[in-house]
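Here the sequence shown is numbered in our numbering, starting from 12 and rising by one per residue. We put the CB at the ideal spot given by N, CA and C, even for glycine. None of the values given here were measured: they were computed from a predicted structure. So the structure is just underneath, and the comments pick up after that.
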Amino acid sequence: MRAIVLQNSGEFLLEDLAIPQPKDSQIQVKIMASGFNPVDYQMTDHDASEKKLLHSPILGREFSGIVTALGENVTQFKIGDEVFSGSGSMGSNGTYAEYICIPEAIAMLKPDTISFEEAAALPSAGLTALQSINRMQAKVTDSIFISGAAGGVGNMLVKLLLAKGYKNLIVTAGNENSIASLLSLGIKPEKIINYKKQDVYETALALNNYKTFPLIIDLVGNEIAIVATSLLQTNGIYVDVTSFSTSDSREALFSKGATILNISNYAYGIEKNYAYYKQGLQELAILLQQKLITPPTIEIMGKLETATVLKAHTKLRENKTEGKKLIMQIA
12 MRAIVLQNSG EFLLEDLAIP QPKDSQIQVK IMASGFNPVD YQMTDHDASE
62 KKLLHSPILG REFSGIVTAL GENVTQFKIG DEVFSGSGSM GSNGTYAEYI
112 CIPEAIAMLK PDTISFEEAA ALPSAGLTAL QSINRMQAKV TDSIFISGAA
162 GGVGNMLVKL LLAKGYKNLI VTAGNENSIA SLLSLGIKPE KIINYKKQDV
212 YETALALNNY KTFPLIIDLV GNEIAIVATS LLQTNGIYVD VTSFSTSDSR
262 EALFSKGATI LNISNYAYGI EKNYAYYKQG LQELAILLQQ KLITPPTIEI
312 MGKLETATVL KAHTKLRENK TEGKKLIMQI A
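Right under this line is the structure:
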């Protein structure tokens with residue numbers, strides 16, 4: 012198979028490798044499309060903590076494709092099934108490749124209503140958003156402040172919150188395209204704060220009747236984390252999706268007696284909690300089939316080539332995705 016392989020030098024090369032074969036409870040999948048995520052380029056940075064996620068020199072953590080072979084103990088799939096998965100570090104290799112073998116327990120049948128490219132855009136953002144919602148256990152009447160709502164995870168998070176009946180959402184965005192994206196999802200214009208033109212703290216408080224928020228979902232971190240923590244009420248819940256909090260924001264959270272929820276799909280993969288992946292993907296598939304949510308907006312970056320990877324990584328690193336999920340077509 013062809014695969015894009017990360018070299019020790021840090022460069023990517025397109026190589027011909029042996030096709031991985033499925034073990035007892037694994038399925039072999041011919042990959043049709045692969046999704047790009049910020050963690051992909053972060054794993055290539057020499058000093059990044061995300062390097063712990065690097066289980067294969069072939070990067071890529073989510074995909075869609077067609078089942079081409081079965082392990083002896085596989086019971087849930089047959090050859091020819093169209094599937095999607097957030098394989099993370101649980102596959103034979105990453106998803107910048109033509110084939111992968113994964114435990115059948117982390118795969119889900121692709122809904123007929125979406126394309127392979129759209130299906131490949133779902134797992135990472137969808138599972139992250141679902142975990143955030145499920146763990147914070149908010150009431151639908153709660154006011155929720157969301158930083159970075161127009162990004163890939165934020166976009167899916169807003170869709171899921173609205174589908175589940177949450178209405179009191181106050182969000183941030185940084186440009187007109189991001190604002191337009193949030194408006195198209197159903198966020199009211201007065202609930203969107205342009206952080207480049209408005210004072211986030213003062214505007215958010217005013218929009219919440221000058222009350223601090225019981226729930227903050229931080230999808231940005233760094234400097235915005237300091238503002239977000241100042242908006243949290245005493246004993247509030249702070250959902251940290253980035254791990255980019257600052258010493259000042261952590262001190263503020265401690266002084267407020269906050270409950271901090273660190274969101275990580277990786278944690279479930281480490282302990283082989285495959286039910287987490289299966290149940291999450293199943294919920295996403297059902298919501299899509301019922302048309303309660305729409306698939307992510309995607310941007311096709313190209314075919315299985317090193318130039319495609321470099322272009323996508325640059326766009327992610329420069330934060331220029333504007334809420335679109337970047338996709339590589341494999342077949």
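From the DSSP output, which residues share a beta bridge with Leu315?
-> DSSP lists no beta-bridge partner residue for Leu315.
Taking the Cβ atom as the reference point for each residue, do Ala108 and Ile69 lie within a distance shorter than 7 Å?
-> Yes, the pair counts as a contact, with Cβ atoms nearer than the cut-off.
Following the continuous beta strand (DSSP E) through Leu180, name the residue where it begins and the one where it ends.
-> Annotation for Leu180: the continuous beta strand (DSSP E) segment containing it runs Leu180 to Ala184.
Could you name each continuous beta strand (DSSP E) segment of 3 residues or more that falls completely within the region 179-247, going from the start of the chain to the end?
-> Taken in chain order, the unbroken stretches of beta strand (DSSP E) that lie wholly in the region 179-247 and span 3 residues or more are 180-184, 203-205 and 224-229.
How would you label Gly197, buried or exposed, when you count the other beta carbons within 10 angstroms and need 16 or more for buried?
-> Flag for Gly197 reads exposed.
Whole-angstrom distance between Leu292 and Val252, CA atom to CA atom | Whole-angstrom Cα-Cα distance: 19 Å.
So which of Gly102, Leu264 and Ser254 has the shortest CA-CA distance to Phe224?
-> Looking at the Cα atoms, Leu264 is the closest of the given residues.
Between the region 145-160 and the region 129-136, are three or more C-beta pairs nearer than 8 Å?
-> No: the two stretches stay apart, fewer than three of their Cβ pairs being nearer than 8 Å.
Can you name the start and end residues of the beta strand (DSSP E) that Leu141 belongs to?
-> Counting along the chain, Leu141 sits inside no beta strand (DSSP E); it lies in the alpha helix (DSSP H) bounded by residues Pro134 to Met147.
With a 10 Å radius around its C-beta and 16 neighbouring C-beta atoms as the bar for buried, classify Ser266 as buried or exposed.
-> So Ser266 ends up on the exposed side.
Beta carbon of Ile30 nearer than 7 Å to that of Met12 = The Cβ atoms of Ile30 and Met12 sit closer than 7 Å to each other.
How many angstroms separate the CA atom of Leu243 from the CA atom of Leu218?
-> C-alpha separation (whole angstroms): 14 Å.
Which residue from Asn246, Phe156 and Thr245 puts its Cα closest to that of Ile203?
-> When the alpha-carbon of Ile203 is set against those of Asn246, Phe156 and Thr245, the nearest one is in Phe156.
Residue interval of the alpha helix (DSSP H) (run including Ser260) = Residues Ser258 to Ser266.
Of all the options Lys175, Ile309 and Ser256, which has the alpha carbon lying nearest to the alpha carbon of Leu298?
-> For the options Lys175, Ile309 and Ser256, the alpha carbon positioned closest to that of Leu298 is the one of Lys175.
Along the alpha helix (DSSP H) that carries Met167, what are the first and last residues, could you check?
-> Gly163 to Ala174 is the span of the alpha helix (DSSP H), which, as asked, contains Met167.
Which residues DSSP lists as bridging Val40, in chain order | Within the DSSP secondary-structure output, Val40 pairs in a beta bridge with Val78 and Ile111.
When DSSP labels each residue in this structure, what does Thr55 get in the three-state scheme?
-> In this structure, Thr55 counts as coil in the three-state DSSP scheme.
Can you name, in chain order, every residue of its own chain whose Cβ lies under 8 Å from the Cβ of Leu343, other than the five neighbours on each side?
-> Because the chain in this structure spans residues 12 to 342, residue 343 falls outside the shown range and cannot be described.
In the DSSP assignment, find the beta strand (DSSP E) that holds Lys289 and state where it starts and stops.
-> Looking at the DSSP string, Lys289 is not in any beta strand (DSSP E); the run it does join, the alpha helix (DSSP H), is Tyr285 to Gln300.
The beta strand (DSSP E) with Glu329 in it runs from where to where?
-> Unbroken run through Glu329: none, as it is neither H nor E.
Excluding five sequence neighbours on each side, which residues of the same chain lie with their C-beta closer than 8 Å to the C-beta of Glu234?
-> Within the same chain, Glu234 has close Cβ partners Thr257.
Following the continuous alpha helix (DSSP H) through Glu282, name the residue where it begins and the one where it ends.
-> Neither: Glu282 is in no alpha helix (DSSP H) and is coded neither H nor E.
Return the first residue and the last residue of the beta strand (DSSP E) that Ala131 is part of.
-> Counted as a single uninterrupted DSSP element, the stretch harbouring Ala131 is not any beta strand (DSSP E) but the alpha helix (DSSP H) occupying residues Phe127 to Ala131.
Unbroken beta strand (DSSP E) run spanning Thr152, endpoints | Counting along the chain, Thr152 falls outside any beta strand (DSSP E), and DSSP gives it neither H nor E.
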